[in-house]
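**Q** Converting from the sequence shown to the working numbering requires adding 8 to each position, the first position being numbered 1.
For each residue, glycine too, the CB sits at the ideal point set by N, CA and C.
After the structure tokens below, expect a handful of questions from me.
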Amino acid sequence: MREVHSASDIVPHIKTIEVYESPADLESLRQSKFKLCLAHTFLANNNLVSTLAWKSLSPAPFTPITWQASYALNWTDELPNGISDPITLSGVWQPCKKGEVFDLDPTGLWSRSSKTPVPGKLMVGINRFKGDIGTGVFIVIGLKGKDDKFDPIFIDHVNVGLNMSAIFEPSDVVKWWYRAEIEAAETLSPEESYDMATVSYVSSTYSYVDGVWATSIDRAPRLV
């Protein structure tokens, strides 16, 4: 299966969010069976939206989450049931920089598009693939993680049918929260968010008693 290489080999900036917890908060989070979730946002109709939890991790004294600002396109036939549910990918990852356009060919593989690109956006120029069940596909956006592999961070809930196109605008705003699901009942902490456009690192901690986050560009203090 082929991969169409992008024109530039510039290494993207590496970003890190480090969540840290005190021993008391850590014990409370673990007893409540919370998971740390993190999501990347996209701009749609002047609103920030997220459709996938990129990470879902057990609470720890220090949890650094690192990624590269490097995107890719993929597709699937099925929508996940919830924001934290896994995705079954049906295609291959196609690296796509902001301002690039790729088409989905009749076999479900990617090829460079002749469509006019839009600066700052990821584009599917035209979908020529019916999908495995004949109704089109759902486009998935991936981000390169610390292990240099692409992970799903966003899925478009709008089905891209035959001869249709799609456009996506990644945002630098990242959000995170704690989530617990016990016997089909979901418990969420307040969300925290930060615009990572001009910074490469932030630290954040959650007060279980007060129900508030504290976030800073300073390094996480070694509490434990």
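Compare the C-alpha of L37 against each of F162, T49, P103 and A188 and name the closest.
**A** The count along the sequence shown starts at 1 and reaches residue 37 at position 29. The candidate whose alpha carbon is nearest that of L37 is A188.
**Q** Could you tell me if A32 is buried or exposed, where buried requires 16 or more neighbouring beta carbons within 10 angstroms of its beta carbon?
**A** For the purposes of this step, residue 32 is taken as the residue at position 24 of the sequence shown. With fewer than 16 other Cβ atoms within 10 Å, it is exposed.
**Q** Using only the alpha-carbon positions, how far apart do V168 and F146 sit?
**A** On the sequence shown, residue 168 is found 160 positions in, with the first residue counted as 1. On the sequence shown, residue 146 is found 138 positions in, with the first residue counted as 1. Straight-line Cα distance between these residues: approximately 6 Å.
**Q** Please confirm whether S98 and G133 have their CB atoms less than 9 Å apart.
**A** The sequence position of residue 98 within the sequence shown is 90, counting from 1. The sequence position of residue 133 within the sequence shown is 125, counting from 1. Not closer than 9 Å, so no.
**Q** Thinking C-alpha only, which one of F50, P67 and S66 is nearest L60?
**A** Reading the sequence shown from its first residue, position 52 is the one you call residue 60. Answer by Cα proximity: F50.
**Q** Got a sec? Which residues, its chain only, sit under 7 Å from Y214 by beta carbon, not counting five neighbours each side?
**A** In the sequence shown, the residue the question calls residue 214 occupies position 206. Excluding sequence neighbours, Y214 sits near E29, D33, Y186, S197 and W221.
**Q** I need the DSSP call for T213, collapsed to helix, strand or coil.
**A** In the sequence shown, residue 213 corresponds to position 205, counting from 1. DSSP places T213 in strand when its eight states are reduced to three.
**Q** DSSP on A32, reduced to helix/strand/coil?
**A** The residue labelled residue 32 in the question sits at position 24 within the sequence shown. A32: helix per DSSP, three-state reduction.
**Q** Should N55 be labelled buried (16 or more other beta-carbon atoms within 10 Å of its own) or exposed?
**A** In the sequence shown, residue 55 corresponds to position 47, counting from 1. Result: exposed.
**Q** Quick one: grab the DSSP three-state call for R227.
**A** For the purposes of this step, residue 227 is taken as residue 219 along the sequence shown, with counting starting at 1. Three-state result, R227: coil.
**Q** Can you name the residues that DSSP bridges to K23?
**A** Indexing the sequence shown from 1 puts residue 23 at position 15. Partner(s): W75.
**Q** Check each candidate in S212, N171, M172 and L151 and name the one with the smallest Cα separation from F162.
**A** Here residue 162 corresponds to residue number 154 of the sequence shown, with the count starting at 1. The shortest C-alpha separation from F162 is found at L151.
**Q** Closest to L112 by CA distance: which of S179, N89, W83 and T124 is it?
**A** Within the sequence shown, the letter at position 104 stands for residue 112. Comparing Cα positions, the closest option is W83.
**Q** Going by DSSP in three states, H13 sits in which element: helix, strand or coil?
**A** Translated into positions along the sequence shown, residue 13 becomes position 5. Residue placement at H13 is flagged as unreliable, the pLDDT there being 39, under the threshold of 50; a coordinate-derived value is accordingly withheld.
**Q** Going by beta-carbon coordinates alone, are W184 and V27 separated by less than 9 Å?
**A** The residue labelled residue 184 in the question sits at position 176 within the sequence shown. The residue labelled residue 27 in the question sits at position 19 within the sequence shown. Their beta carbons are under 9 Å apart, which means W184 touches V27 by this criterion.
**Q** Would S211 pass as an interface residue toward chain C - the criterion being a Cβ-Cβ separation below 9 Å?
**A** Of the protein chains in the structure, only one exists, and it is not chain C.
**Q** I'd like the list of long-range same chain contacts for S119, defined as Cβ closer than 7 Å, with 5 residues on each side in sequence excluded.
**A** Numbered from its first residue, the sequence shown carries residue 119 at position 111. Cβ neighbours of S119 beyond the five flanking positions: V12, F110, D111 and D113.
**Q** Return yes when the Cβ of A52 is within less than 9 Å of the Cβ of E199, no when it is not.
**A** Translated into positions along the sequence shown, residue 199 becomes position 191. Translated into positions along the sequence shown, residue 52 becomes position 44. Not closer than 9 Å, so no.
**Q** Can you look up R136 in the DSSP assignment and give me helix, strand or coil?
**A** Taking the first residue of the sequence shown as 1, we reach residue 136 at position 128. Three-state result, R136: coil.
**Q** Excluding the 5 residues flanking S64 on each side, which residues of the same chain have their C-beta closer than 6 Å to its C-beta?
**A** Residue 64 sits at position 56 when you count from the first residue of the sequence shown. The answer, listed in chain order, is K43, C45 and S92.
**Q** To the nearest whole angstrom, what separates the beta carbons of C104 and A77, a pair I think is in contact under 8 Å?
**A** Taking the sequence shown and counting its residues from 1, the one referred to as residue 104 is at position 96. Taking the sequence shown and counting its residues from 1, the one referred to as residue 77 is at position 69. With a Cβ gap of about 12 Å, C104 and A77 do not count as contacting.
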